[in-house]
Amino acid sequence: MKGMIENMDMVRGHILCCGGTGCTSSGSELIIKEMEKQLAEYGLDKEFKIIKTGCFGLCALGPIIVVYPEGAFYSRVEVGDIKEIVEEHLLKGRIVKRLLYQETINEEDNTIKSLNETNFYAKQMRIALRNCGVIDPENIEEYIASDGYKALGKVLTEMTREEVIDEILKSGLRGRGGGGFPTGLKWKFTYAAEGDQKYVACNADEGDPGAFMDRSVLEGDPHSVIEAMAIAAYAIGANQGFIYIRAEYPIAVNRLQIAIDQAREYGLLGKNIFETGFDFDLEIRLGAGAFVCGEETALMTSIEGKRGEPRPRPPFPANKGLWAKPTMLNNVETYANIPVIINKGADWFNTIGTEKSKGTKVFALGGKINNTGLVEVPMGTTLREIIEDIGGGVPNGKKFKAAQTGGPSGGCIPASLIDTPIDYDSLMAIGSMMGSGGLIVMDEDNCMVDIAKFFLEFTVDESCGKCAPCRIGTKRLLEILTKITDGKGTMEDLDKLEELCLSIKNGALCGLGQTAPNPVLSTLHYFRDEYVAHVKDKTCPAGVCKALSKYVIDPEKCKGCSLCARQCPVNAITGKVKEPFVIDQDKCIKCGACQAACKFGAIDKK
Amino acid sequence: MEKMTVLPFNGTKEQEAELKAVIENHKNMEGAAIPVLHKAQEIYGYLPLEVQEMIAEGLNVPLAEIYGIVTFYAQFSLYPKGKYQIAVCMGTACYVKGSGDILEKIKEKLGIEVGQCTPDGKYSIDATRCIGACGLAPVLTVNDEVFGRLTVDDVDDILKKYE
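Protein sequences appear in the order of chains A and B.
Each residue of the first sequence is one higher than the last, beginning at 1182 in our numbering.
Each residue of the second sequence is one higher than the last, beginning at 12 in our numbering.
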């Protein structure tokens, strides 16, 4: 290994700037440029080092800058704030309190708390995300300095292939992509499969809407995935790997390519790694926007350069995968756990989590929640802890209604089950699934029938069309749901929905179709009264479904200014000036223009 | 397929040379079609039949297979995009925070549907899958610029920027 530490000059302090997609979208690139400019202007560029890191997790507060040694956590930073940070904090040593993440301020003595003491981070445990927001993902030396490639060295020089597989088996690690299949078993099957050529592959085709865990790992710590794939390749006897990643993730693709190039340069990929005779190299393959390619057999068909349609199993990929050779496919987050398990041992990993779900899980918290972002918690943490303690609850004083896990394959968990521990089996038991880790919070303003319809629109769009239950069945499901949200549903439709859901589940070829009915089944189960309200009372309790909503003028509040009547595109509003106006419901097209125009808040949507 | 503005194909010699070089580089790669199509779309902005024909011939695979791949994957487009490509994120996090209403407003303002381009070639609208900026939900992008934490009232201001 060539001259390490060459770039690690001694400096007075470090400025960590988040370069994840969330912060980049809110302008962190410009902030970094401004910081460089200001540092140079004040002659501080030799004293402070700017490090562009991966995601800190607290995306709601981005762009984020953390200044060490103090550990000052600045949030929602704007370009105009940089000068103040440089002049006050870096030059004079006075922390800019105005910009600090307010939770890190100790009110009593005005000092700053460590991030780990804040509600957002206190209950988290970062294994897969251990380096995200800590190291510079574009610098292999920073990864190596954080024990990077130590596990690969250990495996190649001290362990047999069987010992590696045993260690992973013993750790109890299960697939983080959603299914929860024991990772060690997958390795064992591919190890045992007959074949002169074997492959390892990484599923980074993170298609669940609202999920961005894998992207954050690849953006913040790409080397951990590369190292893990090399370990897996050694264990199963492969020398070529593929990473299949969404083309929609340009930053992740770029950093991954940089990481692969650096690993090759350092001899950590390529021929004769660690002079042990082990050869391994990696190639990136881009997806092209097809959700079904997250399914393992479809993913492999896509890598082969074809339409990404799934194949029937068996034969399983462990025996016949890529180009009909034994192939072992794991998800990004699963891989990110591997080096830690090898370094710290299966026994250590075993102490974390629940009896059947070991370790931690990363969730992308989104929707109606204060602290949107990325969190990693030990398995068995309850939904309440994630939503209320870490997530900071639902904003604007609204009531928590449901949490959706597992994306289009998962279900909605109602508020009454908020104390459910999050692990593979508990979630299955209540009709949802772990999924890859999207966790969307919904409040009283969200209509559950509409949410089910939203997911079905997604699956109809993404169904590859190969098998009839999925291609035709999901379309029919969507038609019935649309009928209900249009106020034309009957009680029989609810029974039909249920029956059709079950036949799709049983009949579909791949995971996409088999799980597509889950959003319908779970909302039908936990929010049946809402379906009934749409069908029987022809109302949408949350006021979302347009055909069922009504705009009404409150005569108490209406001043009779006639502004609404003038805005209405279909002349549905009439009245005498200075007297309350009324809306003709037959003419109204529910565009909401009147409500937007009213200066007195007199128009309600019911 | 709904009506689209289909401009006549007018690829340049330079673009053709670039594509030929890409095909040459990928000739011996297993599963080359998708990487080549990605590059071709970078070069031309979309994948009209003329481009698909060149790829089919270059890689020695039937045109039907190339067309099958192009129409299977959402990222490959048979039609040109607008000068300003507006993409509204329809991921769940954005949807529950009202991205559907934002998309409606843009469609209404521009008078086109999702996937279409205005007749002057200036704007096109896409409803995209989750772009992963859920912390900023609801989000839309115009070319590479990201606008987050939006309300329906922000649409006018954003469109004004690209007049």
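Glycine included, each C-beta is placed from N, C-alpha and C at the ideal position.
Being a predicted model, the structure only gives us computed values, none of them experimental.
Alpha-carbon spacing of residue i relative to residue j, whole angstroms
i          : j          : result
Gln127(B)  : Ser135(B)  : 6 Å
Ile123(B)  : Thr129(B)  : 7 Å
Ile1186(A) : Glu1269(A) : For Ile1186(A), the predicted structure reports a pLDDT of 49, less than 50, and the residue's modelled location is therefore unreliable. A value from the coordinates is still provided. Computed Cα separation, rounded: 31 Å.
Ile1432(A) : Glu1400(A) : 7 Å
Ala1783(A) : Lys1537(A) : 55 Å
Lys1768(A) : Leu1744(A) : 18 Å
Lys14(B)   : Tyr90(B)   : With a pLDDT of 41 at Lys14(B), under the threshold of 50, the predicted position of this residue should be treated as unreliable, though the coordinate-derived value follows. Going from the Cα of Lys14(B) to the Cα of Tyr90(B) covers about 11 Å.
Gln1305(A) : Glu1284(A) : 16 Å
Pro1390(A) : Phe1362(A) : 22 Å
Gly1274(A) : Phe158(B)  : 34 Å
Ile1465(A) : Ile54(B)   : 20 Å
Asp131(B)  : Val1622(A) : 41 Å
Phe1544(A) : Thr1553(A) : 10 Å
Ile1412(A) : Val1336(A) : 7 Å
Ile1568(A) : Met1191(A) : 41 Å
Leu1675(A) : Lys116(B)  : 32 Å
Gly1592(A) : Pro59(B)   : 40 Å
Thr1720(A) : Ser1730(A) : 7 Å
Gly6(B)    : Glu25(B)   : Outside the displayed span of chain B (12 to 174) sits residue 6(B), for which this structure offers no information.
His1195(A) : Glu1251(A) : 10 Å
Arg1652(A) : Arg1494(A) : 19 Å
Lys1669(A) : Asn154(B)  : 40 Å
Ala1778(A) : Asn1551(A) : 29 Å
Phe1237(A) : Leu114(B)  : 30 Å
Coarse secondary structure for residue i, derived from DSSP in three states
i          : result
Cys1198(A) : strand
Leu1546(A) : strand
Arg1427(A) : coil
Cys145(B)  : helix
Phe1639(A) : helix
Asp165(B)  : helix
Ile1611(A) : coil
Ile1212(A) : helix
Thr1205(A) : helix
Lys171(B)  : helix
Val1558(A) : strand
Asn1291(A) : coil
Ala1774(A) : helix
Leu1310(A) : coil
Pro1491(A) : coil
Leu1281(A) : strand
Ala67(B)   : helix
Cys1593(A) : strand
Leu1393(A) : It should be pointed out that residue 1393(A) corresponds to Phe in this sequence rather than to Leu. Phe1393(A) falls in the coil class under three-state DSSP.
Phe1472(A) : helix
Counterpart residues of residue i in DSSP-defined beta bridges
i          : result
Asp1624(A) : Phe1581(A)
Ile136(B)  : Ile97(B)
Ile1764(A) : Ile1754(A)
Pro1363(A) : Arg1355(A)
Ala1382(A) : Phe1423(A), Leu1510(A)
Cys128(B)  : Ser135(B)
Arg1466(A) : Tyr1425(A)
Lys1539(A) : Gly1534(A)
Glu181(B)  : In this structure chain B extends from 12 to 174, so residue 181(B) is not present and cannot be described.
Phe1461(A) : Gly1451(A)
Ile1784(A) : Ile1734(A)
Cys1651(A) : According to DSSP, which records beta bridges pairwise, Cys1651(A) is partnered with nothing at all.
The ligand COA heavy atom lying under 7 Å from the CB of residue i
i          : result
Leu1437(A) : Looking at this structure, you won't find the ligand COA or any other ligand, since it has none at all.
Whole-angstrom C-beta distance between residue j and residue i, which should lie under 8 Å
i          : j          : result
Ala144(B)  : Gly1203(A) : 5 Å
Cys1474(A) : Gly1489(A) : 4 Å
Val1716(A) : Met1672(A) : 6 Å
Val1791(A) : Leu1310(A) : Any property of residue 1791(A) remains undetermined from this structure, which presents chain A solely from 1182 to 1787.
Phe1461(A) : Gly1422(A) : 7 Å
Asp1624(A) : Val1575(A) : 5 Å
Gly1200(A) : Lys1230(A) : At roughly 14 Å, the Cβ-Cβ gap does not stay under 8 Å, so Gly1200(A) and Lys1230(A) are not in contact.
C-beta neighbour in chain E for residue i, strict 8 Å
i        : result
Ala85(B) : Among the protein chains in the structure shown, which are A and B, there is no chain E.
Next item on the list: Could you name the residues of the stretch 1539-1551 of chain A whose beta carbon sits closer than 9 Å to any beta carbon of chain B, in the order they occur along the chain?
Entry: Ala1545, Leu1546, Gly1547, Gly1548, Lys1549
Note to self: Can you pull out the residues from the stretch 1615-1630 of chain A whose beta carbon lies closer than 9 Å to at least one beta carbon of chain B?
What the structure shows: Gly1619, Ile1621, Val1622, Met1623, Asp1624, Asp1626, Asn1627
Margin query: Can you pull out the residues from the stretch 96-111 of chain B whose beta carbon lies closer than 9 Å to at least one beta carbon of chain A?
Written below: Cys100, Met101, Gly102, Thr103, Ala104, Cys105, Tyr106, Val107, Lys108, Gly111
Margin query: If the cut-off is 9 Å on Cβ atoms, which residues from the stretch 1379-1398 of chain A count as contacting chain B, listed in chain order?
Written below: Glu1387, Gly1388, Asp1389, Pro1390, Gly1391, Ala1392, Phe1393, Arg1396, Ser1397
Notebook entry, point to check: In chain order, what residues of the stretch 21-51 of chain B put their CB closer than 8 Å to some CB of chain A?
Noted result: Glu41, Gly42, Ala43, Ala44, Ile45, Pro46, Leu48, His49
Next item on the list: May I ask you to list, following chain order, the residues of the stretch 127-152 of chain B that have a beta carbon less than 8 Å from some beta carbon of chain A?
Entry: Thr139, Arg140, Cys141, Ile142, Gly143, Ala144, Cys145, Gly146, Leu147, Ala148, Val150
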